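Written below as structure tokens is the structure these notes are about.
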Amino acid sequence: MSDNQELDVILLRSFLAVSETLHFTSAAQMRGVTQSTISQHINRLEQAVGASLLHRTTKQVELTPQGMQMVSFAQNIIHAQGMAMDYFRSGTLRVELRLGIAEDMVVSRFPEMLKRFRRLYPHVEVRLTVGLSRELYNLLDAGALDLICTKRKEGDERGIPLWRERLQWLGGGNFDTLVEGAVPLVLFSGNSITRVAAIAAMNKVGRAWRASFMSSNLGALVAAVRSGYGVFAQSGLLVSQEIVPVPASADLPPLPDVDFVMVGATEQLEGASRDLADLIIENIEGLAPPGSRIIAGTSPCGSEARKVTAI
49 MSDNQELDVI LLRSFLAVSE TLHFTSAAQM RGVTQSTISQ HINRLEQAVG ASLLHRTTKQ
109 VELTPQGMQM VSFAQNIIHA QGMAMDYFRS GTLRVELRLG IAEDMVVSRF PEMLKRFRRL
169 YPHVEVRLTV GLSRELYNLL DAGALDLICT KRKEGDERGI PLWRERLQWL GGGNFDTLVE
229 GAVPLVLFSG NSITRVAAIA AMNKVGRAWR ASFMSSNLGA LVAAVRSGYG VFAQSGLLVS
289 QEIVPVPASA DLPPLPDVDF VMVGATEQLE GASRDLADLI IENIEGLAPP GSRIIAGTSP
349 CGSEARKVTA I
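Note that the numbering used here has the sequence shown beginning at 49, numbered continuously upward.
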């Protein structure tokens, strides 16, 4: 690709239509043009980047490795163009909300709720950061985030309580390794809330344990548990067909309760942070896992909390 070449968005849209349908005729119908026009667009795009993006035979169309990469580039370019056009067409002042959420909340209905928030408040640009609780608190205190939704940090009473739940021992379904010997624990490598809780629970009852797998990434821990490396102490948000509660017969020690909270950069939430907080509280029963106790909008002691039941 020469320095003076540019990627035409029209060509990229035709390419994405082909990548989605893997059929030139279907792509032409999707784009409202002729099949020959689609072919011309693909040829011009391949010439522009200097690479073959599609492998074409008489029977099928396949993406080449370069074509697979181009799909991501094309989507990002078109998305960026759309954002730019929306910004200047709206005539509305854009507002940025820097939001941080805990990794385990990503597997809840939180993404659906954020999608609804963007529909209700199109002028608010949500910049999302996903991480461990301690990382989110550090970013908030450093002024890099406006609002975080995460587990309450020990000794930190800030924020609006959302729900309280008992941490659970979860595993991949094969619990034979828990019968004898040291319990294999899958742990965060950092000083996380769940790591501290798991180790403290084991030590409190004198139960032998060993760190069978450690990572700073929740996705890696989930993969390790699915693969049978051991068990971990986590929120009920992670329960699925592949990640299930450890049976009582394993006789693992009880784990503590944790509170999920919203904490803002200022004591009183304002503007977009307040709007998002209101929407979260409105939809809290759809976000909290079964068995948890909703404490959003209740007294500090949670005496009016209500339990979430499985649907």
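Ideal Cβ positions, reconstructed from N, Cα and C, are used throughout, including at glycine.
For clarity, every value in this text was computed on a predicted model and none was experimentally measured.
Nearest-angstrom Cα separation, counted from residue j out to residue i
i, j, result
"residue 242", "residue 332", "22 Å"
"residue 70", "residue 119", "13 Å"
"residue 295", "residue 197", "30 Å"
"residue 170", "residue 154", "21 Å"
"residue 113", "residue 267", "26 Å"
"residue 123", "residue 78", "16 Å"
"residue 99", "residue 65", "18 Å"
"residue 102", "residue 61", "15 Å"
"residue 151", "residue 271", "14 Å"
"residue 320", "residue 145", "6 Å"
"residue 160", "residue 175", "16 Å"
"residue 74", "residue 80", "10 Å"
"residue 290", "residue 88", "47 Å"
"residue 68", "residue 228", "52 Å"
"residue 358", "residue 133", "In this predicted model, residue 358 has a pLDDT of only 40, less than 50, meaning its place in the structure is not dependable; the value taken from the coordinates is given anyway. Rounded to whole angstroms, residue 358 to residue 133 spans 43 Å at the Cα level."
"residue 202", "residue 305", "12 Å"
"residue 121", "residue 287", "34 Å"
"residue 105", "residue 130", "34 Å"
"residue 165", "residue 309", "18 Å"
"residue 341", "residue 125", "43 Å"
"residue 143", "residue 108", "46 Å"
"residue 330", "residue 301", "35 Å"
"residue 189", "residue 204", "12 Å"
"residue 185", "residue 252", "28 Å"
Residue i classed as buried or exposed, judged by whether at least 16 other C-beta atoms fall within 10 angstroms
i, result
"residue 269", "buried"
"residue 127", "exposed"
"residue 299", "exposed"
"residue 254", "exposed"
"residue 356", "No answer about residue 356 holds up, because its pLDDT of 47 lies below 50 and its placement is not dependable."
"residue 273", "buried"
"residue 93", "buried"
"residue 84", "exposed"
"residue 232", "buried"
"residue 110", "exposed"
"residue 260", "buried"
"residue 279", "buried"
"residue 283", "buried"
"residue 226", "buried"
Spatial neighbours of residue i in its chain, beta-carbon cut-off 7 Å, leaving aside the 5 residues before and after
i, result
"residue 82", "76"
"residue 285", "152, 153, 155, 156 and 337"
"residue 265", "none"
"residue 162", "174"
Spatial neighbours of residue i in its chain, beta-carbon cut-off 8 Å, leaving aside the 5 residues before and after
i, result
"residue 307", "199, 200, 209, 210, 211, 212 and 343"
"residue 303", "214, 215, 216, 217, 245, 246, 249 and 281"
"residue 187", "148, 177, 179, 193 and 196"
"residue 158", "149, 197 and 335"
Residue-level contact to chain C via CB, residue i, 9 Å cutoff
i, result
"residue 80", "Looking at the structure shown, chain C is missing, and only one protein chain is on hand."
Same chain, Cβ closer than 6 Å to residue i, five either side skipped, listed in chain order
i, result
"residue 348", "With a pLDDT of 34 at residue 348, under the threshold of 50, the modelled position of that residue is not reliable, and the figure given next carries that caveat. Result list for residue 348: empty, nothing under 6 Å."
"residue 180", "240"
"residue 257", "230, 231, 233 and 250"
"residue 317", "325"
"residue 222", "276"
"residue 86", "62, 72, 75 and 76"
Among the options, the one whose alpha carbon lies nearest that of residue i
i, options, result
"residue 207", "328, 65 and 314", "314"
"residue 115", "91, 203, 323 and 80", "91"
"residue 323", "117, 172, 87 and 67", "172"
"residue 238", "221, 219, 228 and 263", "263"
"residue 275", "67, 130, 165 and 220", "220"
"residue 297", "329, 130 and 224", "224"
"residue 63", "329, 117, 131 and 327", "117"
"residue 327", "167, 235 and 106", "167"
"residue 183", "236, 288 and 252", "236"
"residue 293", "329, 163, 339 and 162", "339"
Proximity test, residue i beta-carbon vs the ligand GTP heavy atom, cut-off 8 Å
i, result
"residue 82", "Inclusion of the ligand GTP in the displayed structure is not the case, the ligand content being empty and no account of it being possible."
Next item on the list: Count the CB pairs spanning the stretch 309 to 323 and the stretch 182 to 195 that are closer than 8 Å, and state whether there are at least three.
Entry: yes
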